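**Student:** One point on numbering: in this note's numbering, the residue at position 71 of the sequence shown is 1011, and numbering is uninterrupted.
Note that the Cβ used here is the ideal one computed from N, Cα and C, for glycine as well.
Just so we're clear, the structure is a prediction, and the values are computed from it rather than from any experiment.
Sharing a structure with you now.
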Amino acid sequence: MGRSNSSSGFSKSVGSRPNSSLGIRGGVPAPAPRTGISAPGPRPTSSLSDRPESGGSGGIDPTAAMPRRKAWDLKGRLEDTESAIEMMKSMMMQERTESNNIKEQLEDHKLKAYQLETMRVTLETKNTQVQLELENTMKKASELERLLDDERRDRRQERDDAARRLRDETDDIRRKLRDEVEALIKSNREAMENLERRARMEIEDERAARQREVQEISTRAAMERQKLEMEMGGSAREIRGLKTELEATITELEREKAMTANLKSTLSESSSTTLQLESSARALRTRIEMLESAGQSQAQSFAELEQRLRQALEETAIAKEKLRVEETLRRKLHNQVQELKGNIRVFCRVRPTLPAEAGGGAEMQFPDTDKEGKEIQIIGAAEKSALGNVVTKAYPFSFDKVFGPTAQNPEVFEEISQLVQSALDGYNVCIFCYGQTGSGKTYTMSSSDGMIPKAVHQIYETAKQLEEKGWTYTMEGQFVEVYNENINDLLGQADDFDKKKHEIRHDPKECKTTITDINTVVLDNPAKVEQILNRASKTRSVAATQANERSSRSHSVFILKLRGVNSVTGERSEGTLNLVDLAGSERLAHSQATGDRLKETQSINKSLSCLGDVIAALGNGKEGAHIPYRNSKLTYLLQYSLGGNSKCLMFVMVSPMQAHLAETLTSLKFATKVNNTSIGTAKKQSKVSA
């Protein structure tokens, strides 16, 4: 009983022993709980997944396969315990391996989660881009509609161009015909001169006097007839001389024959001489026949030439009359084409980078350079999005024409030459340059090959050509500047600036603008234009700012007045060409102007703001609505150039530098607003004398 109680007490003491630090589950040491790792849910299949599970604890009972020891069997129970410990160690190793596997899987899940997050950010970015592309597509759709309208206008213009080319080809054919007639006359004249030289070599007594007059076709025909008569007379004299020589030869031959009868001793020599003389006689007869045939051929050729000359003169008279009619039609069609292109057209020009600016250029793209050249795209600076991605924004713009940095002034002027022609046809035309300081406005307008000199040269050349159609033109030039809301005469004395007051006066009936007490220069030759440009550049207000070392501090306006009279039809025309170089449009923060420069910049920005207000009011299109022309001297001076009675073109000048990107975008946005403005149909200032 004592042993039994002892064994029972021992069993109770062993059986009721508290769990050790190993945390025995169901008699088996349990692995330590893992902290800091959340339950991953259903665990992936591993090498331990196939282990049999016990019913209650969910773990493996290492004593399940062992026989139950008696309470007194300490040694057996110790052996069982050691076996259980070994099994527990093995299980712990397996659990550690499994834990490492779980950690690796957890890292994989974290990596996948990061990849999914990255994918989500990418998809959001793509979604944003898709939305932007959708907006761009919608914009492009509207742009395509506008392009379709432009294409229709272009087709009409091409039709007109084809008609004009047909007329030009007709004129070319007529010119070629005249050239062929003149070449044929020249060829025959050269042939006659060669014949005359040969005649002088053969007959020393022959002399011929010929004169040529090229100015009048009828005089040239008379001279040709005179030369023909002289040549025929020379040929007749040559024939008579040859006949005389032939008769002398025959006489000599007869005398030689008589001598042969008397001088038999010299028979062989005389026979030889006779043969030679007979050969000479035959050659002379052949020569006479050739000269007679040539004379008849030349007479026939000159008769044909006279007939062709008469036809050419008649065709020339008819062509001149047609040209007068076609010139009137051309003016009408030309201005219809200009009206179809829009009243305010906008050209964009990007100046090239200077050597001192290397490496600081902004990214600009010209998508349709090889086609129409109407688009420009500005790439903004790189920025960080809310998601931490670095993105760049593109700013697309479209105008009537875009000139890249490689474009030269002659190429630019070729596009505006049609507007200059409209001034000759009796319309008011205004071309102005807008843009920040240093963007190339003054170079484009006033350089040696700028728009002002080239416009005047074209006007002189065209006026010279129109003289054949009865037109005579007189040209007068004025050059003023608007400085701090005051008008200064750039062709006057610099001492009078800001002292002599000039008033702007408008004639609503004639739609004309005059400025009181300013100098007017008669431009009777192109050289005077260069003189007044040099004179004006010396007196125009310029100063250094932070934006540019030499900045124009005023708006300059070159006014060219054209008056034409047609002596044939009695028609008169009066046109005005305004070429405006606006002052720099930079903001105060960028120019860092102080003192007088601050006042100048404020005045410049005010007048440019007023210009924008006028264009915005015109763009509303309400008939009878108030247009704030009087808010600044600049807009008041250009009232008839902007208000529906003029053909207007704006150059927006763009700097290629990254540092000027903000000003560039501001200028391009303003130009887009101007390009969408319609100011009505221009009116021609012409009349027909009674």
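1) Pop quiz: Leu1217 and Leu1193 are said to be a contact at Cβ under 8 angstroms. What is the actual Cβ separation, rounded to whole angstroms?
2) Taking the alpha-carbon of Val1342 as reference, which of Phe1353, Glu1312, Glu1323 and Leu1359 has the nearest alpha-carbon?
3) Just tell me which of Gly1344, Leu1601 and His1446 has its CA closest to the CA of Gly1301.
4) How far does the beta strand (DSSP E) with Gln1358 in it extend, from its first residue to its last?
5) Assuming Gly1380 and Arg1291 form a contact by the criterion Cβ under 8 angstroms, report the distance between their Cβ atoms to the nearest whole angstrom.
6) Alpha carbon to alpha carbon, what distance is there between Met1597 and Ala1296?
7) So what's Asn1134 in DSSP terms, helix, strand or just coil?
8) If you count every other CB in all the chains shown that lies within 10 Å of the CB of Leu1551, and 16 or more means buried, which is it?
9) Whole alpha helix (DSSP H) runs in the region 1571-1597 with 4 or more residues, listed along the chain?
10) In whole angstroms, what is the alpha-carbon distance linking Leu1589 and Asp1090?
11) Put Asp1100 into one of helix, strand or coil per three-state DSSP.
12) Whole angstroms is fine: what's the gap from Asn1506's alpha carbon to Lys1262's?
13) Per DSSP, Trp1411 is paired with what?
14) Give the DSSP-derived three-state secondary structure of Phe1632 in the structure shown.
15) Comparing the C-beta of Val1330 with each C-beta of chain D, is any distance below 8 angstroms?
16) If you measure between the beta carbons of Asn1424 and Phe1437, is that distance less than 8 angstroms?
17) If you drop the 5 nearest sequence neighbours on each side, which residues of the same chain put their C-beta closer than 6 angstroms to that of Asp1447?
18) Tell me whether the beta-carbon of Ala1611 lies closer than 8 angstroms to the beta-carbon of Val1331.
19) Would you kindly work out how many angstroms separate the C-alpha atoms of Glu1064 and Gln1045, rounded to a whole number?
20) Restricting to Cα atoms, I'd like to know which of Leu1056, Ile1190 and Glu1073 is closest to Leu1215.
21) Can Phe1419 and Leu1522 be called in contact, C-beta distance under 8 angstroms?
22) Could you tell me the alpha carbon to alpha carbon distance between Lys1324 and Thr1604, rounded to whole angstroms?
23) Out of Arg1503, Arg1289, Met1032 and Ala1599, which has the shortest C-alpha to C-alpha gap to Phe1337?
24) Use the C-beta contact count for Lys1394: other C-beta atoms within 10 angstroms, 16 or more gives buried, fewer gives exposed.
25) Can you give me the C-alpha to C-alpha distance between Arg1222 and Leu1231, rounded to a whole angstrom?
26) What are the boundary residues of the beta strand (DSSP E) that includes Asp1308?
27) So, using beta-carbon positions, are Leu1502 and Ala1363 closer together than 8 angstroms?
28) Tell me which residues share the same chain as Ser1308 and place their Cβ nearer than 7 angstroms to its Cβ, disregarding the 5 neighbours each side in the sequence.
29) Does the beta-carbon of His1566 have 16 or more other beta-carbons within 10 angstroms, so that it is buried, or is it exposed?
30) Using the beta-carbon count (16 or more within 10 Å), is Ser1030 buried or exposed?
31) Compute the distance between the beta-carbons of Ala1334 and Ile1356, then report whether it is under 8 angstroms.
32) Going along the chain, which residues of its own chain have a beta-carbon closer than 7 angstroms to the beta-carbon of Asp1457, five neighbours each way excluded?
33) Express the C-alpha separation of Tyr1580 and Asn1615 in angstroms, rounding to a whole number.
34) Could you check whether Val1592 and Tyr1367 sit closer than 8 angstroms to each other, using their CB atoms as the reference points?
35) Can you look up Leu1519 in the DSSP assignment and give me helix, strand or coil?
**Tutor:** Answer, in terms of the structure:
1) Beta-carbon to beta-carbon, Leu1217 and Leu1193 are separated by about 5 angstroms, close enough to satisfy the 8 angstroms threshold.
2) With distances taken between Cα atoms, Val1342 lies closest to Glu1312.
3) Ranking the options by Cα distance to Gly1301, first place goes to Leu1601.
4) Looking at the DSSP string, Gln1358 is not in any beta strand (DSSP E); the run it does join, the alpha helix (DSSP H), is Asn1349 to Leu1364.
5) Correct: roughly 4 angstroms between the Cβ atoms.
6) If you draw a straight line from the Cα of Ala1296 to the Cα of Met1597, it comes to about 11 angstroms.
7) Looking at Asn1134 - three-state DSSP - the assignment turns out to be helix.
8) Burial of Leu1551 is indicated by the presence of at least 16 other C-beta atoms within 10 angstroms of its C-beta.
9) With a minimum length of 4 residues, the continuous alpha helix (DSSP H) runs that stay inside the region 1571-1597 are 1573-1577 and 1579-1582.
10) Roughly 17 angstroms between the two C-alpha positions.
11) Note: Asp1100 maps to helix in three-state DSSP.
12) Asn1506 and Lys1262: Cα-Cα distance of roughly 15 angstroms.
13) DSSP output for Trp1411 lists Asn1506 as bridge partner(s).
14) Residue 1632 is absent from the model: the chain starts at 941 and stops at 1630.
15) Among the protein chains of the structure shown there is no chain D, as only one such chain exists.
16) Not in contact: Asn1424 and Phe1437 (Cβ atoms no closer than 8 angstroms).
17) Result list for Asp1447: empty, nothing under 6 angstroms.
18) In this structure, the beta-carbon distance from Ala1611 to Val1331 does not fall below 8 angstroms.
19) So the two alpha carbons sit approximately 28 angstroms from each other.
20) That would be Ile1190, whose Cα lies nearest to the Cα of Leu1215.
21) For Phe1419 and Leu1522, no; Cβs fall outside 8 angstroms.
22) A direct Cα-Cα distance of roughly 22 angstroms separates Lys1324 from Thr1604.
23) Of the candidates Arg1503, Arg1289, Met1032 and Ala1599, the one whose C-alpha sits nearest the C-alpha of Phe1337 is Arg1289.
24) A buried status is given to Lys1394, since no fewer than 16 other beta-carbon atoms sit within 10 Å of its beta-carbon.
25) Each residue's Cα considered, the two are about 14 angstroms apart.
26) In the DSSP assignment, Asp1308 falls outside any beta strand (DSSP E) and carries neither an H nor an E.
27) One thing to note: Leu1502 has its Cβ within 8 angstroms of the Cβ of Ala1363.
28) Rather than Ser, the amino acid found at residue 1308 in this sequence is Asp. For Asp1308, where only same-chain residues beyond five positions count, the Cβ hits under 7 angstroms are Lys1314 and Glu1315.
29) Exposed is the label assigned to His1566, since fewer than 16 other Cβ atoms lie within 10 Å of its Cβ.
30) An exposed status is given to Ser1030, since fewer than 16 other beta-carbon atoms sit within 10 Å of its beta-carbon.
31) No, they are not a contact pair.
32) These residues qualify, in order along the chain: Lys1440 and His1442.
33) Answer to the nearest angstrom: the Cα atoms are 18 angstroms apart.
34) Not a contact, by the Cβ cut-off of 8 angstroms.
35) Strand at Leu1519.
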